[in-house]
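Since the structure comes first, as structure tokens, the remarks are kept for the end.
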Amino acid sequence: MKAQGARWFWVLVMALVLGWFGSQAAAEKVPSEDKAAVVNGSVITKADLDREVSRSQQRPAGMGKPLTGSQVSEIRKRVLKNLIDRELLYQESQKKGIKVDEAEVNERFEVLKKRFPGEAEFQEWLSKMDLSEAGLKSLVGQNMAIQKLIDKHLKITVSDKEMKAYYDSHPDSFKRPEQVRASHILIKVDPKADESQKAEARKKLEKILQKLQKGGDFAALAKESSECPSSAKGGDLGYFGRGQMAKPFEDMAFAKKPGEFSEIVETKFGYHVIKVVDKKPATEMPFEDVKDRLEKYLMQEKYQKEVGLYVEKLKKKAKIQTF
């Protein structure tokens, strides 16, 4: 069964970098010092490579420390490999006489454009990527030619039998973990609070706990006294699994039975009293429930593997120089 839709996307997944132009300038017209690679006579310039490295480094912005020199070097090698691979695939598509008409390109271009909230956001993205609309359309056309080549010559499919075999051999991947639904009453404590301030907050919650122990309504007391936004819903936090809450809170919630409420629990947020509303045990997800997701995953895995093998065959026949 062939995965429908989004096949064109996997060309981008395989490439790992968003853009690719491929200067396709004749090798003899470009000075050696400006070349990053020559693929069957078509040049990938250092400017092309620098632009793609810059784009690839924009993705993890704000995700930690600046990249080290060795990391940048590895990214540069990976990006150059991707540019060479894509150049080979595009050249092969042209050898096979694969055409992409303007209407197809414009339709795909509009689909991409609609992913942005508005024209301003789209233009801002183009600017960040150092792309013009014409450049993006060129990229779209090249991607579509590559996709047509792959669809025609690789015939990548995923069968029900393959999906079921993967499902049966990876049972731990298809389990819904245990979940608990809980409500709480929170009295906040500033992280910089001194012992007397902490004692005051705890005393306030102890009085609420006494009301609960005498049969007080948890939801009503949460609405009245809790300092968490969930107070508007009677303290209800909904269902959550392990690893989603502060550990002392989580440990207490999973230790209690439905209908029970806890003693006072301290976390970095302050003091809590927790009431467990319901529990869902860990369960196995039925095959039919995960079939679509599994098909997409296996399609991607097979796509990347098969395209990689196809590119290696092209490389054996190609003349490639790197500088």
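Mapping the sequence shown onto our numbering, position 70 (from 1) lands on 168, and the numbers just tick up by one. Even for Gly, the Cβ is constructed at its ideal location relative to N, Cα and C. What you are looking at is a predicted structure, and each value in this text was computed from that prediction instead of being measured.
Check	Outcome
May I ask you to list the residues that DSSP assigns as paired with H370?	L284 and V363
Excluding the five sequence neighbours on either side, which residues of its own chain have a C-beta within less than 7 Å of the C-beta of T143, listed in chain order?	S121, V128, D132, K133 and A134
Identify the continuous beta strand (DSSP E) that holds K133 and give its terminal residues.	K133 to V137
Ignore the nearest five residues each way along the sequence and tell me which others in S152's own chain have a CB closer than 8 Å to its CB.	D228
What first and last residue would you give for the alpha helix (DSSP H) that runs through A248?	In the sequence on display, residue 248 carries Ile and not Ala. Unbroken alpha helix (DSSP H) run through I248: E231 to L252.
Could you check what DSSP says for P158 in three-state terms: helix, strand or coil?	Its pLDDT being 46, under 50, P158 is placed unreliably by the model, and the measurement read from it follows with that caveat. In this structure, P158 counts as coil in the three-state DSSP scheme.
Helix, strand or coil: how does DSSP classify F119 here?	Below a pLDDT of 50, predicted positions are generally treated as unreliable, and F119, at 45, falls in that range; no measurement from the model is reported.
Alpha carbon to alpha carbon, how far is E217 from K302? Give it in angstroms, no decimals.	53 Å
Which same chain residues end up closer than 6 Å to M343 when comparing Cβ atoms and leaving out the 5 residues on each side of it in sequence?	none
Quick check on DSSP: helix, strand or coil for A113?	In this prediction, A113 scores a pLDDT of 41, lower than 50, which makes its location untrustworthy; the coordinate-derived value is nonetheless stated afterwards. A113: helix per DSSP, three-state reduction.
Leaving aside the five residues before and after K400 along the sequence, list all residues of the same chain whose C-beta is less than 6 Å from its C-beta, in chain order.	I254
Determine contact between the region 229 to 249 and the region 191 to 201, defined as no fewer than three beta-carbon pairs at a distance below 8 Å.	yes
Run the CB neighbour count on S225, radius 10 Å, all protein chains shown included, and call it buried at 16 or more, exposed below.	exposed
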